[in-house]
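In what follows, a structure is listed as C-alpha cells, so that the remarks can point back to it.
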Amino acid sequence: MELDTSSSKKQQLSDDTGGEPEEKYRGWKAMPYVIGNETFEKLGTIGTTANLLVYLTTVYGMKSANAATLLNLWGGTVNLAPLLGAFLSDTYLGRYATIAFASIASFLGMLLLTLTAAVPSLHPHNTGPSTAQLAALLVSFALLAVGAGGIRPCNLAFGADQFDPRTPAGRRGIASFFNWYYFTFTIAMMLSATLIIYLQSNVSWPLGLAVPATLMGLSCALFFMGTRLYVRVCPEGSPFTRFACVIVAALRKRRLPAPASPEELFDPPHKSSLVSKIAYTDQFRCLDKAAVLVSEDELTPDGSTPVNPWRLCTLQQVEEVKCLARLIPVWSSGIIYYIVLTNLGNYVVLQAMQTDRRIGRSGFQVPAGSFVVFQMLALTVWIPVYDRVLVPAVERLTKREGGITLLHRIGTGIALSIATMLVSAVVERRRRSVAASGATMSCFMLVPQQLLAGLSEAFAVIGQVEFYYKQFPENMRSVAGALLFLGFALASYASGLMITVVHQTTGGSGGRPDWLAQDLNQGRVDLYYLLIAAMAAVNLVYFVACARWYRFKKSAAAVAVVELEGNDNLKANATAPPV
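Under my numbering, think of the first position of the sequence shown as 9, with each following residue one higher.
In C-alpha cells:
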C-alpha cells in the first residue's frame, strides 16, 4: 500500500504540468542559428559603436566635449534600456518576438548610420552638423538603443531556453552555452577592435560602417532561419506586478500569525510545462503571509486563482519574490567588481600612451587602445580549456555538476580582480620610476595585468551570467539579463563619481598634482589602483558572507522525488535482514 502511495505521488508530480504540452528541446541543433545570430550581432554592434567618438569628431565635425557628452548619455540609455526590454519581453512579447523586433531595429539603425557617412548630404562639410543631419544621426542612435534594449536582456536567456534544464545533458548544455557565448563575444570584440576599426580609420568610413551593418543583416537572417527549431517561453504577465502583489498582500496580512508549515499556504496545482515549480524555502518568512488564505479571500470557481491578486498570492509567486530578494546582495557585489574592470579599461590606455609602444625597428607602434585585446585573448584561450579540460577533471574530483558551484566561480573571479589591481599598481610604480630616470618602459609590461583581468572576467562575469539565469524563474530570465547591464550602468556612474572625488581630494594645496593628473608621471595612479584593490578586498569579504547565506533555487518536483526516494530507502533499510 505504501508503494502504491509513493507511485501515485510521483505520477502526480509528472502530471503536474498537465495544462500544457511538453516542449521538444532541440539543444545543440538550434545553436548554429542562435550562436551565429549572436556572433554576427556582436560583430555588427561592437564594430559600429567602438569608434563612434572618432566618427563624431572627424566626419560630423563635433567638438570632442560635445561628442563625449552625447556618447555618455547614449551609453547610459543603452545600458538602462534592457530593463524596459526585459519588462516587455516577460510581460507581453516573449523573448523570440523581442529579439526579432530588436534585431531589425539594430539593423535599420546601422543602415542609417552608414548612410550618414556614405551620402554627402547627410553629414557636414567643414562646419558643424545641420538640424537635419543631427536628426538623422540621433534617429540611428535611437534605433540602436531600441535594439540593445531588446537583444541584451533576451539573447542569453533565449539561447539557454533551447536546453532542457530537467536533464543532466540539458544542464551541461546550458553551462557550455554560456561559456561558448562569451567565447564568441570576445572573438567579436577582438575583430571589431582590430579589423573593423582599421577599415574605418585607414580605408573609409562608409566601408567601415557598411561591414558591421552587413553582419547585422546576416544576424537577422540566421535568427529567422532557425525559427522552427526554437523553444519559446510564453510571457506570463509582468514580473514587476507579480512582485508588487506579493509585497502588498504580505503588508495587508502582516498582523496574521506566521504560518506553522507551508501546507497552510495557498498552493494551487502548477500547470506550466516550461516554468518549473519552485520548492518552498524558509527565508523571508514574512512574505509567506501573502499566501495565507483567510475567509475574506475569494477564489475563482475552479479554486486555482484568487479574485483579488493584491490580497492573496500563490506560494509560487512568493517564492519568485524570494528568489529576487536572495539575488540582490550577490548582484550588488558585482557592481564593485565592474568598477575594477571599468577603471582598468580606462587607465590602461593612458598608461600605454606613456610607454614605448614600438615593435622592433619597424617603426610600427601598438595603438594605445588595443591593449584590451590581451584581456580578450586571455578569455578566448581560457574558456575552451576551462569548459573542455578543467570542468570534467574537477567534476571527477568533487562529484559535483560543473565541478564547482557558480558562487565559487564568481568568488574566484573577484579574488583575481584583487590580484589584477595589485599587479597593475606594481607595474605603474615601475613605469613612473623608469620615467623618472629619463627612460620609457616597454608597453608589454602592461600585458600581465590585462591577462589577469581576462581570467578574472572569465570566472566572475560568465559565472554571474549563468548564476542569474539559473536562479531566476524561467518566465523572468529576461529580467536576469537586464540585471547584469544595470550593474554595468551603476558601475560606470560610480566610477565617474570616484574619479571626481579623487581629483578633488588628492591634490596638494601648493598646486601639487592629484593622483589622476593629466600627465601620469606627475600623478599617482598606482595609489588609485591600490585604493581599488582595497575596495575589491572588502567586496570579496562581503561576497563570501552573501554566498554563505545564499540558498540555491530548487525545483519542487525534484525535492519531492528525492524525499520520496529517501523514504523508500529508509523503509528498505529498516526491513532488510542483517548481514
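All residues carry an ideal CB built from backbone N, CA and C; glycine is no exception.
Residue i vs residue j beta-carbon contact at 7 Å
i           : j           : result
residue 48  : residue 223 : yes
residue 207 : residue 216 : yes
residue 240 : residue 155 : no
residue 422 : residue 548 : yes
residue 398 : residue 323 : no
residue 315 : residue 201 : no
residue 97  : residue 231 : no
residue 487 : residue 218 : no
residue 379 : residue 356 : yes
residue 61  : residue 75  : yes
residue 429 : residue 540 : yes
residue 233 : residue 363 : no
residue 534 : residue 417 : no
residue 479 : residue 295 : no
residue 298 : residue 254 : yes
Backbone CA spacing between residue i and residue j [nearest angstrom]
i           : j           : result
residue 126 : residue 213 : 8 Å
residue 407 : residue 393 : 19 Å
residue 193 : residue 130 : 32 Å
residue 148 : residue 384 : 28 Å
residue 256 : residue 328 : 15 Å
residue 523 : residue 59  : 28 Å
residue 44  : residue 63  : 28 Å
residue 261 : residue 166 : 37 Å
residue 459 : residue 302 : 59 Å
residue 153 : residue 168 : 24 Å
residue 128 : residue 119 : 15 Å
residue 308 : residue 499 : 46 Å
residue 69  : residue 511 : 30 Å
residue 267 : residue 259 : 15 Å
residue 514 : residue 66  : 35 Å
residue 123 : residue 82  : 20 Å
residue 444 : residue 108 : 56 Å
residue 51  : residue 340 : 30 Å
Residue environment, residue i, which counts as buried when at least 16 other CB atoms sit within 10 Å
i           : result
residue 29  : Caution applies to residue 29, whose pLDDT of 49 falls short of 50 and renders its modelled position unreliable; the value that the coordinates give is listed next. Per the 10 Å Cβ criterion, exposed.
residue 271 : exposed
residue 205 : buried
residue 306 : exposed
residue 485 : buried
residue 242 : exposed
residue 245 : exposed
residue 71  : exposed
residue 310 : exposed
residue 451 : buried
residue 483 : buried
residue 140 : exposed
residue 134 : exposed
residue 211 : exposed
residue 557 : exposed
residue 189 : buried
residue 5   : One cannot answer for residue 5 here, as it falls past the ends of the chain, which runs 9 to 587.
Sheet register partners of residue i (DSSP bridge)
i           : result
residue 364 : 450
residue 373 : 366
residue 273 : 300
residue 307 : 314
Other residues of its chain near residue i: CB distance less than 6 Å, five sequence neighbours each side excluded
i           : result
residue 160 : 90, 493
residue 191 : 391
residue 229 : none
residue 475 : 414
Neighbourhood of residue i by C-beta, 8 Å cutoff - its chain only, sequence neighbours within 5 removed
i           : result
residue 425 : 345, 348, 349, 461, 464, 468, 544
residue 419 : 548, 551, 552, 555
Close beta carbons around residue i, own chain, < 7 Å, minus the five adjacent residues each side
i           : result
residue 507 : 524
residue 195 : 388
residue 612 : Residue 612 is absent from the model: the chain starts at 9 and stops at 587.
residue 477 : 164, 165, 168, 485, 488
residue 326 : 254, 295, 296, 298, 299
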